[in-house]
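Notes to accompany the following structure.
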Amino acid sequence: MTDNVISVRGLCKSYKKTEVLHNVSLQVGRGRICGLIGPNGSGKTTIMKIMAGLFFPTKGELELFGSSENLDNSRARMSFMIEQPIIAGSMSARENLQYIRYLRGYPDERRIDEILDIVGLASTGKKRANKFSLGMKQRLGIGMALLPKPEIMVLDEPVNGLDPEGIVEVRQLIKRMQEEWGVTVLISSHLLSELSELCTDFSIISHGNLIENLSREELLVRCRNHIALRTDDINKTAAVLEDKLSIHDYKVIHGEEIQIFERLGDIHHISKTLTDNGLVITKLNEEGQNLEDYYLEKAGGRNE
Ligand code: ADP
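Its first residue numbered 1, the sequence shown is counted upward by one per residue in the UniProt record's numbering.
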């Protein structure tokens, strides 16, 4: 059974009279990197603020580490970077980390040098954070969040506005957090393409509605190029594919359609073999989408 360290069920949130989250449910398993993906204004920050205890939901339930009790104790095992990292611009990277160390009560001062190395800011010396590039600020913010060794990190759009190099650096850092230190990550973005390589799971949200929770494998299968095939007899079709055409990489969808993931250039031969074996073909064409198109279709647009 998956060990879900974050679980929200039926979450609703209204600001004044306007409901901006409608019955949102999602889970994040321990050690996973879950991408919360949705256009601007779709409710990602609101969900994260509820997790952080900055807002109360109007309705619904939040569980952290398997319990809805003592959420503040659970939150002490987590770090949040929501909207902007809270960095003191007049202080150096080291001073900012020192400040967080006091604030979070982390005993070992050596952790500061460790973090400066991890986030690639060891050579910034006395340089003030307000002179840092956006990428450096994001890495410092992540370093500050990582300092107390959290079990879960919640990161709101950490790659937003970064140049391609900065995006790669932040992604590598997050991957390392998961792989080397087993940190569970919930990360938001309005662009699926920015996180498609990084995340193990995706929750797609649009207009405050959770559209879909799916794993990376499921997403790739849905977006993979394939031949979509419907006939008057799906079982017999599967047998013909295997026995006569030696096609084994296929999936039967809801008992009515077959998606074939091999021999994509062989569509005429497949068609002829099926009809020669007495099958009536009602659909046969090549389909597939890139990840971003799939997301745009589901979420209905990049921005409000
Ligand atoms: P996202 O993070 O996906 O961009 P948000 O959670 O920030 O989305 O916003 C979701 C909706 O809630 C938007 O329509 C936004 O205008 C509204 N909203 C966010 N914060 C507030 C607030 N403090 N008061 C009123 N409305 C808000």
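Don't be surprised by glycine CBs; every beta carbon is placed ideally from N, CA and C.
Through-space distance from residue j to residue i, alpha-carbon basis
| i | j | result |
| --- | --- | --- |
| methionine 51 | tyrosine 15 | 17 Å |
| glutamine 98 | lysine 17 | 42 Å |
| aspartate 232 | valine 170 | 51 Å |
| arginine 302 | aspartate 293 | With a pLDDT of 43 at arginine 302, under the threshold of 50, the modelled position of this residue cannot be trusted, and the question is left open. |
| valine 24 | cysteine 34 | 15 Å |
| glutamate 114 | serine 133 | 21 Å |
| asparagine 4 | leucine 36 | 16 Å |
| leucine 219 | isoleucine 152 | 24 Å |
| aspartate 249 | leucine 214 | 21 Å |
| glycine 300 | glutamate 179 | 33 Å |
| arginine 94 | isoleucine 142 | 13 Å |
| serine 196 | valine 20 | 26 Å |
| arginine 216 | arginine 224 | 12 Å |
| serine 79 | tryptophan 181 | 14 Å |
| leucine 103 | asparagine 96 | 11 Å |
| lysine 59 | histidine 22 | 9 Å |
| cysteine 199 | threonine 275 | 42 Å |
Extent of the continuous beta strand (DSSP E) run through residue i
| i | result |
| --- | --- |
| cysteine 34 | 33-37 |
| threonine 228 | Looking at the sequence shown, residue 228 is not threonine but alanine. Alanine 228 -> beta strand (DSSP E) spans 226-231. |
| asparagine 4 | 4-15 |
| valine 159 | Neither: valine 159 is in no beta strand (DSSP E) and is coded neither H nor E. |
| aspartate 108 | Element bounds for aspartate 108: n/a, residue is neither H nor E. |
| asparagine 73 | First-last for asparagine 73: 71-75, but that is the alpha helix (DSSP H), not the beta strand (DSSP E). |
| leucine 62 | 59-64 |
Range covered by the alpha helix (DSSP H) that runs through residue i
| i | result |
| --- | --- |
| glutamine 138 | 134-146 |
| tyrosine 294 | 291-299 |
| leucine 103 | 93-104 |
| glutamine 178 | 164-181 |
| valine 221 | 216-223 |
| glutamate 242 | 234-245 |
Heavy atom of the ligand ADP within 6 Å of residue i beta-carbon
| i | result |
| --- | --- |
| serine 123 | no |
| lysine 44 | yes |
| valine 168 | no |
| valine 240 | no |
| tyrosine 102 | no |
| asparagine 40 | yes |
| valine 20 | yes |
| tyrosine 15 | yes |
is_contact[residue i, chain D] using C-beta, thresh 7 Å
| i | result |
| --- | --- |
| tryptophan 181 | No chain D appears in this structure, which consists of one protein chain only. |
Whole-angstrom C-beta distance between residue j and residue i, which should lie under 8 Å
| i | j | result |
| --- | --- | --- |
| leucine 279 | valine 240 | 7 Å |
| tyrosine 260 | isoleucine 247 | It is isoleucine, not tyrosine, that sits at residue 260 in the sequence shown. Rounded, the Cβ-Cβ distance is 6 Å, consistent with contact. |
| lysine 44 | aspartate 201 | With 8 Å as the limit, lysine 44 and aspartate 201 do not qualify as a contact, their Cβ atoms being about 15 Å apart. |
| proline 85 | lysine 137 | 6 Å |
| said: Would you call the stretch 118-137 in contact with the stretch 164-184, where contact means no fewer than 3 C-beta pairs closer than 8 Å? | reply: yes
| Taking contact to mean at least 3 C-beta pairs separated by less than 8 Å, is the stretch 177-186 in contact with the stretch 26-33? | yes
| query | Are the stretch 161-170 and the stretch 5-14 touching by the rule of at least three beta carbon pairs closer than 8 Å? | reply | no
| query | With contact counted as at least three CB pairs below 8 Å, one residue from each stretch, are the stretch 81-101 and the stretch 125-142 in contact? | reply | yes
| request: Determine, using beta-carbon pairs with one atom in the stretch 265-277 and one in the stretch 189-206, whether at least three such pairs fall under 8 Å. | output: no
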